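Below is one structure; the comments refer to it alone.
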Ligand code: MG
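Numbering (the working numbering), first residue to last: 2 to 292.
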């Protein structure tokens, strides 16, 4: 099933998306429950949801499936070989001393406040960064929490998947050995708009691509992940209890802006579109604004 969080009639709603008819059927939820978006569905029997009458998708305002995650978004760095190489060569890799191809997953986070919706503007603030870059990523949605989850059991904890653009200020990422500031700038986590349940895709064999102003920059398959999804879940949950609604961005493939000579940083008016087969497309415009 494919779900979206959206606004209609001034209220946040959650609905089941139908690609064919380009419509959404709202789930009958209290407005209190709907406030958390798709998180309201975690732990529920999805076959028993009460669905209301379909409304056209183009008549609603889409939001991120998790408009404000309950805590930081977990992210994996340098998790595709070719990207690990291009990043190490770029001069912005403050983790380069650990080697070009990481021996263990590099885990960092983005603050929940930087999540924005499909169609929202990403803010470029030249007084803070002149080197903003895109990163197309498949993101895992944890449905069942746990601690010390084994690789074998990991997939049973996955509720579904969505798309994340792990927008990054490369200059800040290079300056500070901890990546949080460069990754958590306001508006730097476009997410969604669709969240699919785990049965919709084979997350270990899914194509993703990133298109900037119509030019394909990144194209890859999740088969090429250095650390696969079960390994990521086992690694994070070793001592850190995962909770339902945790989001884990699995890393980006080669073709980011710093992979080019000279680098192709995002400029005012650029449009970044990320497509993941079986999920959908996430598109955002980058707009210069001095805050
Ligand atoms: Mg990333």
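All C-beta atoms in this analysis are idealised placements derived from N, C-alpha and C, irrespective of residue type, glycine included.
If you're wondering where the values come from, they're calculated on a predicted model, not measured in any experiment.
Would you say residue i touches the ligand MG, meaning its beta carbon is less than 6 Å from a heavy atom?
| i | result |
| --- | --- |
| residue 167 | yes |
| residue 253 | yes |
| residue 136 | yes |
Between the options, which has its C-alpha nearest residue i's C-alpha?
| i | options | result |
| --- | --- | --- |
| residue 211 | 203, 139, 159, 262 | 139 |
| residue 171 | 19, 249, 224, 89 | 89 |
| residue 275 | 286, 265, 266, 11 | 286 |
| residue 102 | 175, 64, 261, 226 | 226 |
| residue 244 | 159, 45, 65, 125 | 159 |
| residue 20 | 52, 240, 279 | 279 |
| residue 272 | 217, 105, 145, 106 | 217 |
| residue 241 | 44, 262, 146, 277 | 146 |
| residue 144 | 209, 45, 107 | 45 |
| residue 12 | 175, 23, 24, 29 | 29 |
| residue 209 | 191, 37, 255, 66 | 255 |
| residue 235 | 261, 169, 153, 179 | 153 |
| residue 264 | 92, 81, 43, 18 | 92 |
| residue 117 | 95, 269, 191 | 191 |
Could you give the distance in angstroms between the alpha-carbon of residue i and the alpha-carbon of residue j?
| i | j | result |
| --- | --- | --- |
| residue 233 | residue 9 | 36 Å |
| residue 148 | residue 214 | 42 Å |
| residue 100 | residue 157 | 32 Å |
| residue 223 | residue 207 | 5 Å |
| residue 83 | residue 220 | 11 Å |
| residue 163 | residue 73 | 16 Å |
| residue 119 | residue 14 | 16 Å |
| residue 130 | residue 55 | 43 Å |
| residue 204 | residue 237 | 18 Å |
| residue 196 | residue 76 | 17 Å |
| residue 166 | residue 282 | 11 Å |
| residue 194 | residue 70 | 14 Å |
| residue 48 | residue 2 | 10 Å |
| residue 26 | residue 5 | 10 Å |
| residue 85 | residue 128 | 28 Å |
| residue 87 | residue 134 | 13 Å |
| residue 41 | residue 258 | 36 Å |
Under the DSSP definition of a beta bridge, which residues are partnered with residue i?
| i | result |
| --- | --- |
| residue 6 | 15, 64 |
| residue 110 | 75 |
| residue 275 | 211, 283 |
| residue 191 | 117 |
| residue 147 | 243 |
| residue 173 | Note: residue 173 sits in no beta bridge, so no partner. |
| residue 258 | Per DSSP, none; premise fails for residue 258. |
| residue 219 | 211 |
| residue 47 | Its beta-bridge partners do not exist; DSSP assigns none. |
| residue 24 | 19, 57 |
| residue 138 | 165 |
| residue 226 | 81 |
| residue 198 | 161 |
| residue 289 | 125 |
| residue 52 | 28 |
Any heavy atom of the ligand SAM inside 6 Å of the beta-carbon of residue i?
| i | result |
| --- | --- |
| residue 260 | No copy of the ligand SAM occurs in the structure displayed; its ligands are the ligand MG alone. |
Quiz item: Counting Cβ pairs, one atom from each stretch, are 3 or more of them under 8 Å apart for the segment 247 to 261 and the segment 139 to 148?
Solution: yes
Practice problem: Indicate whether the contact test is met: 3 or more Cβ pairs, each with one atom in the segment 176 to 192 and one in the segment 109 to 121, closer than 8 Å. | Solution: yes
Quiz item: Are the segment 59 to 67 and the segment 229 to 245 in contact at 8 Å, needing three or more beta carbon pairs?
Solution: A contact between stretches requires three or more CB pairs, one per stretch, nearer than 8 Å, and the segment 59 to 67 fails this requirement with the segment 229 to 245.
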